[in-house]
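S.K.:
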Amino acid sequence: MGETSRDSFDEERNSRPELRKVIEELFAANGLNYCLECGKCSALCPMLEFYGEYSYERSPRGVVEQLIIDPEGTETEALWYCLACHECTRYCPSGVTFQNFIIGLREDLVERGYRKHARFCDVCGSYLMPAKEFEYLRKRPDSKLDDGLLATCLRCKREHYRKVVHRSARWPKEGGAKGNEPVSQS
Ligand code: SF4
Ligand code: SF4
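Below, the structure written as C-alpha cells:
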C-alpha cells in the first residue's frame with residue numbers, strides 16, 4: 154500500500170467531524186481536564202528506557218499542552234511516541250487515562266488518512282502501531298518476535314495461526330471430527 158498524499162489526508166480530514174471537536178471529546182472522555190499537573194506521569198514514563206530519548210513535548214503533559222494551544226497541530230511526531238503501557242494511568246492521582254486518549258486520537262488520525270508516523274499491516278494494510286514502536290520491537294536484541302508476524306495485524310496473525318494449525322497433524326482431516334477446537338494430542 155503506497156503513501157497517502159498530503160492532499161488526500163486533507164480531503165479526509167475535511168469530510169470527518171472537526172478534529173478540534175474529536176480532541177475535545179477525547180479530553181473529556183479520558184479525564185484530561187482534571188489533570189493536576191503534578192508531573193508524576195512524566196517522571197515514571199518509560200519512553201526514555203525504550204527509545205533512549207525523551208522530551209517533555211512527548212510526555213502526556215507535553216502532548217496535551219501542544220494540543221490545547223494548537224488542536225490542528227497533529228502532524229507532530231510527539232503524538233507517536235507513547236507506548237500505551239498504562240503506567241501513567243496507573244499512578245495518576247486524577248484518574249487521567251492518557252493512553253486511551255492517545256490511542257483514540259491516533260485511530261482518528263489514521264481514519265483521516267494520516268500515515269506518516271504509523272505502521273500498517275503488511276497483509277491487509279490496517280493500522281498496527283506507531284512506526285517508532287515497531288522499529289523498537291524489531292531491533293531489540295533479545296526480540297524473539299518473527300519479523301513477518303510483527304508486521305501483521307491481529308486479524309491476519311490469527312489467520313496465519315489458523316492456517317498453521319490446520320496444516321498440523323492435530324487438526325482432523327476431511328470427514329474427521331467436527332467442531333471449532335483443534336483435536337487434542339492425547
Ligand atoms: S500524573 Fe495525572 S494529574 Fe499528574 S500531571 Fe500526569 S496526567 Fe496530570
Ligand atoms: S502510557 Fe504512554 S505516556 Fe503513559 S507512561 Fe506509558 S508510554 Fe508514558
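Here the sequence shown is numbered in the working numbering, starting from 154 and rising by one per residue.
Ideal Cβ positions, reconstructed from N, Cα and C, are used throughout, including at glycine.
Here the structure is a predicted model, which means the values were calculated and not measured.
1) Judging by CA-CA distance, which residue of Cys245, Asn253 and Ser208 is the nearest neighbour of Ile176?
2) Count the other C-beta atoms from every protein chain shown that fall within 10 angstroms of the C-beta of Glu156, then say buried if there are 16 or more, exposed otherwise.
3) Between which two residues does the beta strand (DSSP E) containing Tyr280 stretch?
4) Once you ignore the five residues that flank Ser339 on each side, which residues in its own chain have a CB closer than 6 angstroms to its CB?
5) Drop a sphere of 10 angstroms on the beta-carbon of Asn183, count the other beta-carbons inside from all chains shown, and report buried for 16 or more, exposed for fewer.
6) Between the region 238 to 256 and the region 185 to 199, are three or more C-beta pairs nearer than 8 angstroms?
7) Just reading off the beta strand (DSSP E) that Arg272 is part of, what are its end residues?
8) Any chance you could list the residues with Cβ under 7 angstroms from a heavy atom of ligand 1, keeping chain order?
9) Does DSSP classify Leu307 as helix, strand or coil?
M.R.: Straight from the coordinates:
1) Asn253
2) Confidence in Glu156 is poor, its pLDDT being 49 and thus under 50, which makes the residue's placement unreliable; the coordinate value appears in the next sentence. With fewer than 16 Cβ atoms within 10 Å of its Cβ, Glu156 is classed as exposed.
3) In this chain, the beta strand (DSSP E) harbouring Tyr280 covers Tyr280 to Pro283.
4) With a pLDDT of 34 at Ser339, under the threshold of 50, the modelled position of this residue cannot be trusted, and the question is left open.
5) buried
6) yes
7) Ala271 to Phe273
8) Cys188, Leu189, Glu190, Cys191, Gly192, Lys193, Cys194, Ser195, Pro213, Arg214, Cys241, Tyr244, Cys245, Pro246, Ser247, Val249 and Phe251
9) helix
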